[in-house]
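Please read the structure below before turning to the comments.
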Amino acid sequence: MIKRLVRSVQTLLTRKPRIRRTPRCIPASEHGIDRALVSRSAIRTCETLQAAGFRAYIVGGAVRDLLLGVAPKDFDVATDATPEQVKSHFRRAIIIGRRFRLVHVLFGSETIETSTFRALDNGNRDTDEHGRVLADNVFGEQHEDAARRDFTVNALYYDPTRQEVLDYHDGVRDVRRRRLRIIGNPEMRYREDPVRMLRAVRFAAKLGFEIDAETREPIGRLADLIGNVPAARVFDEMLKLLTSGHAVACIERLRAEGLHHGLLPLLDVILEQPQGERFVMLALSRTDERVRAGKHIAPGFLFATLLWHEVLAQWNARTATGAHRIPALHEAIDHVLDVQTEKLAIHRRFTSDMREIWVMQPRFERRIGQMPFRMLEHVRLRAGYDFLQLRCDSGEAPIELGQWWSAFLHSGPDDRAQMTQPPARGEGNATPSGSKPRRRGGRRRRAGADAAAGSAPEPRVAPTDDGA
Ligand code: ATP
Ligand code: MG
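Going by this note's numbering, 156 is the number at position 128 of the sequence shown; the sequence numbering is gapless.
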């Protein structure tokens with residue numbers, strides 16, 4: 029009760045009364061948006077609604093990206109039509125969401141997320157005890173909609189018909205200055221929705237923007253509030269961060285903001301495992317390269333990399349007490365998936381991919397006989413092989429094992445048969461199960477793209493057959 033009273037007084041004292049009702053209207057000659065970068069479907073959505081007498085604008089990240097001359101990855105539309113009115117004007121449209129109802133207007137494989145202008149908080153919004161908004165379905169004026177968006181650069185409205193940008197919060201100036209500034213009182217805005225702290229870090233890293241001092245200041249203090257957000261929502265935001273094409277920069281930014289401890293279990297996994305850091309950072313930098321090259325990212329693969337060193341630790345612990353190697357791996361995986369995925373809220377649909385990738389790893393060591401040929405038929409061979417290469421490049425598995433597999437995959441049938449023959453007596457040191465992973469030695473090359481300092485400890489390695 030007292031807490032609430034103190035908070036209301038604080039809120040009254042800190043609330044910024046100035047809400048701009050009339051936007052700055054910026055003509056095409058000034059904003060310079062290239063219409064060729066604008067989605068046809070987004071234009072059609074706006075035109076259809078405008079023809080029906082409504083106001084409709086492209087809004088949010090798409091306008092920000094257009095001003096930066098970057099092709100947006102998706103388009104959102106904001107309108108004064110209600111979700112039901114929007115739906116009635118399109119052949120393929122569905123109303124989604126509970127906390128925030130909006131319409132998905134579908135054009136082939138493209139979806140235009142169309143939301144109705146939201147009203148500002150009049151004090152009646154449903155919140156939890158920390159001020160987090162639980163439902164946000166009160167419709168309002170455009171200026172209110174602008175004021176409740178997160179950052180000034182995300183609160184711009186582009187009318188593709190008139191080719192004008194409406195700017196209520198000096199967002200265009202902030203885009204030009206490359207500055208991320210939250211709208212309104214930073215602390216209040218983070219309390220309403222703590223995910224905005226993660227968004228600040230993601231946008232700053234992705235866009236290469238500076239976080240404004242006032243916007244940045246409360247983040248370290250309020251980081252704990254993220255713990256109150258439903259795990260599934262945090263997971264989605266983390267997935268966006270990890271697949272933004274700037275995951276390494278995001279992680280570095282989180283560190284710089286002091287947000288890498290206790291903010292999220294998943295980040296702790298990434299940043300607080302000295303032995304796995306090199307592997308994880310290498311995995312993330314490869315993920316960034318793939319995203320930037322427009323390639324698909326499999327979340328299962330990504331999470332398999334993030335948790336691999338947890339699996340290794342569990343696996344080693346089990347073989348150290350005499351457990352057989354392969355059953356021990358399965359037990360270790362079960363343990364990690366049970367404990368970690370619950371904590372991290374990793375969707376179940378990704379965990380079967382993770383398991384398959386992990387289970388394949390010891391099989392790659394068996395280079396003699398039929399096993400390599402069986403591996404060729406494995407539906408996840410590519411993912412398992414890429415994973416093996418990461419292990420080799422990070423110094424956890426022998427480089428030579430990865431090289432052997434690269435050669436095997438690129439060889440014809442005769443060479444493959446030759447490669448999988450047992451060595452003649454006295455030649456080499458291959459065992460019936462293939463070569464053992466070499467323990468780390470002076471000869472092993474260090475991973476190139478790692479962000480870890482040179483003083484990184486010895487990497488943890490997979491148990492070999494020795495102990496089993
Ligand atoms: P991205 O390039 O990642 O898609 P985006 O800015 O478009 O960036 P979205 O998550 O697609 O981000 O959200 C669209 C818009 O909705 C944002 O630009 C912002 O205006 C608004 N928005 C999204 N999440 C929030 C939030 N948590 N609080 C306030 N406004 C938000
Ligand atoms: Mg978007």
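C-beta atoms are modelled at their ideal positions from N, C-alpha and C, and glycine is treated no differently.
Going by C-alpha to C-alpha distance, which of the options sits closest to residue i?
i: Asn-165; options: Pro-111, Val-98, Tyr-186 and Arg-207; result: Pro-111
i: Val-364; options: Met-382, Cys-278, Thr-347 and Val-489; result: Met-382
i: Ala-84; options: Arg-126, Glu-157, Arg-190 and Arg-49; result: Arg-190
i: Glu-141; options: Asp-149, Phe-128 and Ala-147; result: Phe-128
i: Asp-173; options: Asp-156, Arg-160 and Leu-194; result: Leu-194
i: Gly-248; options: Ala-260, Ala-228, Ala-233 and Phe-167; result: Ala-228
i: Asp-202; options: Asn-182, Ile-254, Asp-221 and Asp-414; result: Asn-182
i: Gly-350; options: Arg-120, Thr-492 and Arg-410; result: Thr-492
i: Gly-255; options: Asp-421, Tyr-218, Ala-345 and Val-66; result: Tyr-218
i: Glu-58; options: Arg-444, Val-276 and Val-200; result: Val-200
i: Pro-450; options: Pro-400, Ala-277 and Ala-284; result: Pro-400
i: Thr-180; options: Arg-209, Ala-435 and Ala-490; result: Arg-209
i: Arg-444; options: Ala-452, Ile-396, His-406 and Leu-409; result: Ile-396
i: Glu-285; options: Ala-356, Ala-435 and Arg-244; result: Arg-244
Identify every residue that forms a DSSP beta bridge with residue i.
i: Arg-207; result: Glu-238
i: Thr-50; result: Thr-50 pairs with nothing; no bridge assigned.
i: Val-133; result: Ala-121 and Ile-140
i: Val-193; result: Ile-54 and Tyr-186
i: Arg-500; result: Since the first residue of the chain shown is 29 and the last is 496, residue 500 is not available in this structure.
i: Phe-179; result: Ile-210
Helix or strand or just coil, what does DSSP make of residue i?
i: Thr-349; result: coil
i: Thr-333; result: helix
i: Arg-105; result: The amino acid occupying residue 105 in the given sequence is Val; Arg does not appear at that position. Of the three classes helix, strand and coil, the one that applies to Val-105 here is strand, per DSSP.
i: Pro-491; result: coil
i: Arg-471; result: Reliability fails at Arg-471, whose pLDDT of 36 lies under 50, so the model's placement of it is uncertain and the value that follows must be treated cautiously. Three-state DSSP puts Arg-471 in coil, outside helix and strand.
i: Asp-252; result: helix
i: Thr-243; result: helix
i: Val-367; result: helix
i: Asn-457; result: At Asn-457, the pLDDT of 44 sits below 50, so the modelled position is not reliable; the number obtained from the coordinates is stated separately. Note: Asn-457 maps to coil in three-state DSSP.
i: Ala-84; result: strand
i: Phe-128; result: coil
i: Thr-110; result: coil
i: Gln-449; result: coil
i: Thr-76; result: helix
i: Val-66; result: coil
i: Gly-476; result: At Gly-476 the pLDDT is 34, less than 50, meaning the model places this residue with poor confidence; the figure from the coordinates comes in the next sentence. DSSP places Gly-476 in coil when its eight states are reduced to three.
i: Ala-259; result: helix
i: Thr-315; result: helix
i: Pro-465; result: With a pLDDT of 42 at Pro-465, under the threshold of 50, the modelled position of that residue is not reliable, and the figure given next carries that caveat. Note: Pro-465 maps to coil in three-state DSSP.
i: Leu-340; result: helix
i: Ser-434; result: helix
i: Glu-405; result: coil
i: Phe-378; result: helix
Rounded to the nearest angstrom, how far is the Cβ of residue i from that of residue j, given a contact under 8 Å?
i: Pro-390; j: Ile-354; result: 7 Å
i: Val-339; j: Ile-361; result: 6 Å
i: Leu-250; j: Met-225; result: 7 Å
i: Trp-336; j: Gly-304; result: 7 Å
i: Ala-70; j: Phe-118; result: Actually they do not touch by this definition, with Cβ atoms about 13 Å apart.
i: Ile-54; j: Glu-192; result: 6 Å
i: Ala-311; j: Leu-404; result: Going by Cβ atoms, the distance from Ala-311 to Leu-404 rounds to 24 Å, so no, they are not a contact pair.
i: Arg-146; j: Gly-168; result: 6 Å
i: Pro-346; j: Glu-359; result: The residue you asked about is not Pro; residue 346 is Arg in the sequence shown. About 6 Å; that satisfies the 8 Å criterion.
i: Leu-235; j: Val-91; result: Rounded, the Cβ-Cβ distance is 13 Å, inconsistent with contact.
i: Pro-315; j: Ala-277; result: At residue 315 the sequence reads Thr, which differs from the Pro that was named. Not really, about 12 Å apart at Cβ, beyond 8 Å.
Below 8 Å between beta carbons: does that hold for residue i and residue j?
i: Ile-239; j: Phe-329; result: no
i: Leu-130; j: Ser-143; result: yes
i: Arg-207; j: Phe-237; result: yes
i: Ile-333; j: Val-367; result: For the sequence presented, residue 333 should be read as Thr rather than Ile. Going by C-beta atoms, Thr-333 is not nearer than 8 Å to Val-367.
i: Ile-211; j: Arg-177; result: yes
i: Ala-425; j: Leu-437; result: no
i: Tyr-186; j: Ile-61; result: yes
i: Arg-160; j: Pro-222; result: yes
i: Leu-148; j: Thr-107; result: no
i: Met-388; j: Gly-412; result: yes
i: His-171; j: Arg-49; result: yes
i: Ala-233; j: Arg-281; result: yes
i: Ile-86; j: Pro-188; result: yes
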